[in-house]
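First up is the structure itself, then whatever we jot down about it.
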Amino acid sequence: MAAILGGLTSSHIPAVGNAIAKELYEDLYWKPFFSGYPPIREWLGDHKPDVAINIYNDHGLGFFLDKMPTFAIGAAHEYKNEDEGWGIPQLPPFPGDPELSWHIIESMVEQEFDITSCQELAVDHGFVVPMQLFWPGAPNNPDMPRTVPISANTVQHPIPTLKRALDFGKALRRALLSYPDDVKIVVLGTGGLSHQLDGERAGFINKSFDEMCMDKIVTDPEALTKISRMELVEKAGAQGTEFLMWMMMRGALGDQVTPVHSHYHIPISNTGAGTMMLECAA
Ligand code: DHB
Ligand code: FE
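Count the sequence shown with the working numbering and you get residues 6 to 287, in order.
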C-alpha cells in the first residue's frame with residue numbers, strides 16, 4: 006500500500022531560480038534563505054520518497070485568465086518547463102506517474118471534487134523552483150521522485166476558500182492511501198507566505214501573520230479555515246493567497262504531524278519565505 010511520509014513547504018520565488026542558476030548559495034543576501042533547506046534534503050536522502058505530489062499554483066504558463074481551472078491534476082508521462090520571461094534557465098522535463106495520477110483523479114471525482122485532468126501540462130516556477138531546492142540539480146538528481154502536479158487557482162477570483170483547500174487535501178489523502186502499490190509519497194505545498202507584488206501595497210509582508218500560519222498549520226489547521234478569503238488578502242497580501250497550497254498539503258497529512266524542520270526568512274525578493282518539513286504519524 007502507498008504511504009504518505011510527510012509534507013514539505015517552500016516559497017517558489019522566480020528570483021530563487023536565478024540565484025540557483027548563478028550558484029549564489031554563499032552570497033550574503035541569499036545564504037540565510039538557502040540555509041533553510043539542507044536539513045530537509047538530509048531527511049529526503051534518508052527516506053527517499055518514490056513520488057512527490059507537487060501542489061502549486063500556476064501563474065499563467067499552464068493556464069491563463071481565459072481558462073482557469075479551480076483544481077487541475079496532471080496526468081502526463083512528463084511535465085515540461087518553459088520560459089516564462091523571468092530569465093530562469095529552462096529545465097528538462099520532470100518525470101510523471103500517469104497511473105497514480107489517474108488513480109487520484111478517479112478518487113477525487115468519486116469524492117465529488119470536480120477537477121480538470123491534464124494529459125499535457127507545462128509547469129512554471131511554482132512547481133520547478135521548490136523541486137530544485139529540495140532535489141538539487143532537479144530533474145537530473147539521482148533521487149528525483151516521480152511527480153504529480155496539482156494546481157489550484159489563486160490567481161483569478163473567485164479562488165477556493167481555505168476550508169475547501171483543507172478538504173481537498175483530506176480527500177487527496179484518502180485517494181493516496183487507497184493506491185495499492187507500495188510507494189512512499191511526500192506532498193509539497195509551494196508558495197507564500199505573505200507577499201503582494203503589485204498595487205499600492207506592493208512589497209507588503211506580514212511577519213506575525215506568517216508566524217501564526219506556520220504555527221497553526223502544524224497544530225490546528227482547522228482554525229485557519231475560519232479565515233475568509235478577503236481577510237487572507239488583507240493579512241497576507243494579494244499573492245499571500247498562495248497559502249491555500251499549504252492548506253491542501255496539510256489536509257493530505259492526517260491529524261497528527263511532527264515538524265522535523267521549520268525556517269522563516271524575510272524578505273526574499275518580495276516574499277516572506279517559509280520552509281517546513283512535517284512528518285506524518287507512522
Ligand atoms: C515572487 C513571489 C511569487 O510567489 C511569485 O510567483 C513571483 C514572484 C517574488 O517575491 O518576487
Ligand atoms: Fe507565486
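Think of the CB as a built atom: it goes at the ideal place given N, C-alpha and C, for glycine as much as any other residue. Predicted model, so just to flag it, every value in this text is computed and none were measured.
If you draw a straight line from the alpha carbon of I9 to that of K189, how long is it in whole angstroms?
Sequence index remark: in the sequence shown, residue 9 carries index 4 (1-based). Sequence index remark: in the sequence shown, residue 189 carries index 184 (1-based). Cα-Cα distance, rounded: 6 Å.
Among the candidates S112, E239 and L193, whose CA atom is the shortest distance from the CA of P54?
Within the sequence shown, the letter at position 49 stands for residue 54. Taking only the C-alpha atoms, the option nearest P54 is L193.
Alpha carbon to alpha carbon, how far is E28 from I18? Give it in angstroms, no decimals.
Here residue 18 refers to the residue found at position 13 when the sequence shown is read from its first residue. Here residue 28 refers to the residue found at position 23 when the sequence shown is read from its first residue. Each residue's alpha carbon lies about 15 Å from the other.
Would you call the segment 138 to 148 and the segment 159 to 168 in contact, with 3 or more CB pairs under 8 Å?
no
Relative to the C-alpha of F76, which residue among A228, I273 and L177 is closest?
The count along the sequence shown starts at 1 and reaches residue 76 at position 71. Here the closest residue by C-alpha is L177.
Could you check whether T263 and S303 sit closer than 8 Å to each other, using their CB atoms as the reference points?
What is shown of the chain runs 6 to 287, which leaves residue 303 out entirely.
For Q39, which three-state DSSP category applies?
By 1-based counting over the sequence shown, the position of residue 39 is 34. According to the sequence as given, residue 39 is Phe; it is not Gln. If DSSP states are grouped into helix, strand and coil, F39 belongs with the helices.
Taking the runs of the beta strand (DSSP E) that are 3 residues or longer, which of them lie wholly in the segment 108 to 180?
121 to 123 and 151 to 157
My guess is that H270 and P100 are in contact by the Cβ rule of under 8 Å, so how many angstroms apart are they, rounded?
Here residue 270 refers to the residue found at position 265 of the sequence shown. Here residue 100 refers to the residue found at position 95 of the sequence shown. 30 Å between Cβ atoms; not a contact.
Between the C-alpha atoms of I25 and A278, what's the straight-line distance to the nearest angstrom?
Locating residue 25 in the sequence shown gives position 20, where the first residue counts as 1. Locating residue 278 in the sequence shown gives position 273, where the first residue counts as 1. Whole-angstrom Cα-Cα distance: 16 Å.
CB contact flag (L70, V191, <8 Å)
Against the sequence shown, residue 70 aligns to sequence position 65. Against the sequence shown, residue 191 aligns to sequence position 186. No.
Starting from I58, trace the beta strand (DSSP E) both ways and give me its first and last residue.
Sequence index remark: in the sequence shown, residue 58 carries index 53 (1-based). Start and end: V56 to Y61.
For ligand 1, is there a heavy atom less than 7 Å away from the beta-carbon of T276?
Counted from its first residue, the sequence shown places residue 276 at position 271. Checking every heavy atom of ligand 1 against the Cβ of T276, one is found closer than 7 Å.
G197 and G131: beta carbons closer than 8 Å?
Residue numbering aside, residue 197 sits at position 192 when the sequence shown is read from its first letter. Residue numbering aside, residue 131 sits at position 126 when the sequence shown is read from its first letter. No, the pair does not count as a contact, with Cβ atoms beyond the cut-off.
Would you call Q124 buried or exposed, if buried means 16 or more other Cβ atoms sit within 10 Å of its Cβ?
Here the question's residue 124 lines up with position 119 in the sequence shown. Exposed, because fewer than 16 other Cβ atoms sit within 10 Å of the Cβ of Q124.
Anyone know if the C-beta pair for M252 and G174 falls short of 8 Å?
In the sequence shown, the residue the question calls residue 252 occupies position 247. In the sequence shown, the residue the question calls residue 174 occupies position 169. In this structure, G174 lies closer than 8 Å to M252 by Cβ.
If contacts are defined as beta-carbon pairs under 8 Å, then V160 and L105 qualify, I think. What distance do you get, rounded to the angstrom?
If you number the sequence shown from 1, residue 160 lands on position 155. If you number the sequence shown from 1, residue 105 lands on position 100. The Cβ separation is near 26 Å, so there is no contact.
With DSSP run on the structure shown, which of helix, strand or coil describes A297?
Any question about residue 297 goes unanswered here, given that the chain covers just 6 to 287.
How is the beta strand (DSSP E) around P19 delimited, first residue to last?
Within the sequence shown, numbered from 1, the residue matching residue 19 stands at position 14. Careful: P19 lies outside any beta strand (DSSP E), inside the alpha helix (DSSP H) at P19 to A26.
In angstroms, rounded to a whole number, what distance separates the CA positions of H82 and M282?
For this step, residue 82 is matched to residue 77 along the sequence shown. For this step, residue 282 is matched to residue 277 along the sequence shown. For H82 and M282, the distance between alpha carbons rounds to 27 Å.
Could you check which residue in M235, R255 and G208 has the C-alpha nearest to that of T224?
What you label residue 224 is simply residue 219 of the sequence shown in a count that begins at 1. For the residues M235, R255 and G208, the minimum Cα distance to T224 belongs to R255.
Nearest residue (CA-CA) to D51, options S156, D148 and N211
Counting from 1 along the sequence shown, the entry for residue 51 is found at position 46. Of the candidates S156, D148 and N211, the one whose C-alpha sits nearest the C-alpha of D51 is D148.
Strictly closer than 6 Å from CB to any heavy atom of ligand 2: give me those residues in the order they appear in the chain.
H17, H64, G131, G196, Q244 and E247
What are the residues that DSSP puts in a beta bridge with N86?
Residue 86 sits at position 81 when you count from the first residue of the sequence shown. Paired residues: V128.
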